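Following: one structure in structure tokens, then a few remarks.
In our numbering, the protein residues as written are 3 to 70.
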């Protein structure tokens, strides 16, 4: 499996980045290898959270009267 991510070198020399699918979940590492390990952890955590949410989700239909 391949997952796209974005990263950059922070002012303190650490690498910071996020998975493109989850840009709000920023993480960091001392090296690219460590950053990728941290990103893999973010992915695993998000997958577990998604499973929990999927079990709780319900759906409905909203009907709106919009003037013509």
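Even for Gly, the Cβ is constructed at its ideal location relative to N, Cα and C.
These figures come from a predicted structure and were not determined experimentally.
Quick check on DSSP: helix, strand or coil for residue 74? Nothing about residue 74 can be read from this structure; the chain reaches only from 3 to 70.
What are the residues that DSSP puts in a beta bridge with residue 30? 18
Identify whether residue 4 lies in helix, strand or coil by the three-state DSSP scheme. coil
Tell me the DSSP bridge mates of residue 9? 19
Roughly how many angstroms separate the alpha carbons of residue 3 and residue 42, rounded to a whole number? Roughly 11 Å separates the two Cα atoms.
Taking 6 Å as the limit between beta carbons, can you name the residues of its chain near residue 24, skipping five residues before and five after? 48
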